[in-house]
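Engineer:
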Amino acid sequence: MNGLLHLWLIPALPLAGFLINGLVGRRLPKALVTTVALLTPLGAFAVVLGNAFGTFGGAPAATLPLVETFGSWLNVGTLHIDFSFVLDQLSLVMLLVVTGVGFLIHIYSVGYMAHDEGYARYFSYLNLFLFFMTTLVLAGNALVMFVGWEGVGLASYLLIGFWFEKKTAADAGKKAFIVNRIGDFGFLIGMFLLLANFGTLSFSEIATKLTQSGWTGGLITMIALCLLLGATGKSAQLPLYIWLPDAMEGPTPVSALIHAATMVTAGVYMMARLHVLFDHSPFALSTVAVIGGATALFAATIALVQTDIKRVLAYSTISQLGYMFMACGVAAYSAAIFHLMTHAFFKALLFLAAGSIIHGTGGEQDMRRMGGLKKFMPITFLTMTIAVLAITGFPPLAAFFSKDAILSAAFMQGELGKILWFVGLVTALLTSFYMFRLWYLTFLGEHRAHAPEEEGAAVHARHDTRLTLEAEHAHEPHESPWSMLGPLVLLAILSVIGGWIGAERFGAYLAPSVGTRTAEAASSSLEWTLTGLAVFVALLGWFIADRMYRTKPESADRLATSMAGPYKLLVHKYWVDEFYGAVVVKPLMATSTYVLGWVVDKAVIGGAAWLLGGLATFAGALLQRWQSGNIRSYAAWVAAGAAALLLFVIVPWTSVLANFGIHLNMAGH
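Residue numbering for the sequence shown follows the working numbering, starting at 5 and increasing by one per position.
#1: His482 lies in the beta strand (DSSP E); which residues open and close that run?
#2: Find out if the Cβ-Cβ distance for the pair Trp443, Thr389 is shorter than 8 Å.
#3: Would you kindly report the start and end of the unbroken alpha helix (DSSP H) that includes Leu317?
#4: Taking contact to mean 3 or more Cβ pairs, one atom from each stretch, closer than 8 Å, check whether the stretch 99-111 and the stretch 44-59 are in contact.
#5: For Met593, count the other beta carbons within 10 Å of its own beta carbon; 16 or more makes it buried, fewer makes it exposed. Which is it?
#6: Could you give the distance in angstroms between the alpha-carbon of Ile186 and the alpha-carbon of Leu198?
#7: State the DSSP-derived secondary structure class of Thr435, mapped to helix, strand or coil.
#8: Note down the Cα distance separating Ala270 from Val334, rounded to an integer number of angstroms.
#9: Whose C-alpha, out of Leu433, Ala413, Ser436, Ile224, is nearest the C-alpha of Trp3?
#10: Can you grab the Cα-Cα spacing for the pair Ala646 / Tyr598, in whole Å?
#11: Report buried or exposed for Val392, applying the criterion of at least 16 other Cβ atoms within 10 angstroms of its Cβ.
#12: Determine the direct distance from the alpha carbon of Phe287 to that of Ile361, and round the result to whole angstroms.
#13: Are Phe135 and Pro18 close, meaning C-beta to C-beta below 8 Å?
#14: Please state whether the Cβ-Cβ distance between Tyr327 and Ala300 is less than 8 Å.
#15: Excluding sequence positions up to five away, which residues of its chain have a Cβ less than 8 Å from the Cβ of Thr138?
#16: What number of angstroms, rounded off, separates the C-alpha of Pro456 from the C-alpha of Leu231?
#17: Taking just the CA atoms, how far does Met330 sit from Val292?
#18: What's the gap between the Cα of Phe437 and the Cα of Leu229?
#19: Tell me where the beta strand (DSSP E) around Ile295 begins and ends.
#20: Using C-beta distances below 7 Å, list every residue in its chain close to Ala298, excluding the 5 sequence neighbours before and after it, in chain order.
#21: Have a look at Leu434 and Ala307 and give me their C-alpha separation to the nearest angstrom.
#22: For Asn131, count the other beta carbons within 10 Å of its own beta carbon; 16 or more makes it buried, fewer makes it exposed. Which is it?
#23: Using a Cβ-Cβ distance cut-off of 8 Å, determine whether Lys34 contacts chain D.
#24: By the 10 Å Cβ neighbour count, where 16 or more other Cβ atoms means buried, how is Glu368 classified, buried or exposed?
#25: Do you know offhand how far Val539's Cα is from Pro255's?
#26: Beta strand (DSSP E) containing Asn145: first to last residue?
#27: Once DSSP output is grouped into helix, strand and coil, what is the label at Trp219?
#28: When DSSP builds the beta bridges, which residues end up paired with His343?
#29: At what residue ranges does the stretch 542-575 contain a whole run of the alpha helix (DSSP H), taking only runs of 4 or more?
#30: With burial defined as no fewer than 16 other Cβ atoms inside 10 Å of the residue's Cβ, what is the status of Lys238: buried or exposed?
#31: Go ahead and label Ala318 buried or exposed: buried means 16 or more other beta carbons lie within 10 angstroms of its beta carbon, across all protein chains shown.
#32: Which partner residues of Ser499 appear in the DSSP bridge assignment?
#33: What separation, rounded to the nearest whole angstrom, lies between the Cα atoms of Gln216 and Asp283?
#34: Using DSSP with H/G/I as helix, E/B as strand and the rest coil, what is Glu1?
#35: Between the Cα of Ala35 and those of Phe652, His119, Leu91, Thr67, spot the shortest distance and give me the residue it belongs to.
#36: If you draw a straight line from the C-alpha of Leu68 to the C-alpha of Gly428, how long is it?
Written as structure tokens, this is what we have:
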């Protein structure tokens, strides 16, 4: 149980790794950089495991939550905010995912980034990311959480734009940072409203006051919706999802870290942490559910036609996060966290397997230039096959249990719930199709490195030109080193067994932190029916993909040609980026250029500078005449001054001014 007294080590160790490699990493031997980069997250994971064994070994309800306070942060009047960490069932599960999967991604990065010039800088950023994410998870109040919340935004900016020499990477980093600031503004307003109305930012105190007072109505809804805005930005939901597909411009392990285990799950975690607040606002819960369902379906449709392997997975992440939001919206928080955990396993595996493919094909990311990789990369093929089966929900793999729990919970929540269940079922069908499409285009058939056939070539020109020089002169693909394959094998095992704990037992463990859902439970026959339908649509999606990309491969191009309009719509991602560019970005740029640039900068600031400069010049010219250095000139000025003084004394100024109607009161003088 002594391990429970060292929560500060969990974020402190990655911070130490960031400081060492960030400050002196370039002057250290590469082996030492690697040692520091790996030992610090491993140490954090070991502390988390120690806490886990300490709680699992006894009665969790008796040992958790555990609070560690490191001193007072703000102490003004009645306001008292501590810098505190809290370990409970929810934060423990999140820490196991963040540090465990994060450590595997660190190991993978050793092989993937082995020849990169920014090796030490890369690992320092990766450690920094873990520091801020663990701080966010352990936070005992909203202010400490906000530090981690903003910190992961900073770390994501640094990692997404890691190859900043490439304009697309630099732009993607800025896009992620700016879009997240929009959501963070909502989080900040929500914090201010909590502080103004509850007098505290402590999660436990807020929950106590809400439970005791039974507050409902507009104020709670407003606070919940502000926090929801923050969650939609961080977890890439409509309408603030646009940064996540471009986040793949960073190194592939970064994509795995952001998409699977850390940043994008922060919004879901925050809503689960503040579930009492959302539970007191049915409107806010319904809004969360609708946003989640709409995002899940919307992103899945875009993933259907993407040709960049990482972009397919990026839209898949947005869609899967939509499932988690849907679960939170029907108050099935444990199901949301369950899917968050299993998703971390198979999505990290998908991205790292994609990285293995990119590494083995000389930087290729376009699936139209792959094919036949099964024989070149047998281990990558096997592990990615497991990940594809897992995400599509085939039993007994991880997502079969977690996705089924979400769909079942949605179905039992009235009319809106049944609509959400149907949307989730259609999304599951689309997920199965686009993941098996990726699988067929990548691993089966003939290798197409030199002469790719573009799907839908008759209706649009090639839109993905981000092919490396190595890919243009592709060499024979090869398997990745074991530093990369080892994490793939471990994640494949977790993707198989990750859901075996079962949704009910997982929910029972999390109940002290997130409560229990009070909706009517599905009967055994209904549960089997819903499960059967979910498996059926997964099989149907596989069947359609098999028919279009194996048995009748020409049908994909024929379908794209016959449905040119919808196909273009999906290829161009509904032109959402273009819409935001025309409606938001260009007006802001015009405002900056003409209003701020011309009016403020040129007219106001420039005019004021011109006026002050003119006055200074005039004053200088005048003083220059006074200070001529000519004795006769000085004598003349002295005489003029004396005459003026004499005139002031002799002339009866009171009478003179009275003639003009000006009367001076000289009493007392």
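Note that CB positions come from ideal geometry on N, CA and C, so glycine has one too.
Structural biologist: This is what the structure holds:
#1: Premise fails: His482 is in no beta strand (DSSP E) and is neither H nor E.
#2: yes
#3: 313-333
#4: yes
#5: exposed
#6: 19 Å
#7: helix
#8: 19 Å
#9: Outside the shown range of the chain, which is 5 to 673, sits residue 3, and nothing can be said about it.
#10: 55 Å
#11: buried
#12: 45 Å
#13: yes
#14: yes
#15: Ile14, Pro15, Pro18, Ala48, Leu99, Val102, Thr103, Gly152
#16: Any reading at Pro456 is ruled out, since the residue's pLDDT is 45, under 50, leaving its predicted position unreliable.
#17: 7 Å
#18: 34 Å
#19: First-last for Ile295: 286-307, but that is the alpha helix (DSSP H), not the beta strand (DSSP E).
#20: Leu242
#21: 9 Å
#22: buried
#23: Absent from the structure: chain D. Only one protein chain is present.
#24: buried
#25: 34 Å
#26: No beta strand (DSSP E) contains Asn145, which DSSP labels as neither H nor E.
#27: coil
#28: DSSP output for His343 lists no bridge partner at all.
#29: 558-566, 568-575
#30: buried
#31: buried
#32: BP columns for Ser499 are empty, so no partner.
#33: 14 Å
#34: The structure shown does not extend to residue 1, since the chain is modelled only from 5 to 673, so the question has no answer here.
#35: His119
#36: 34 Å
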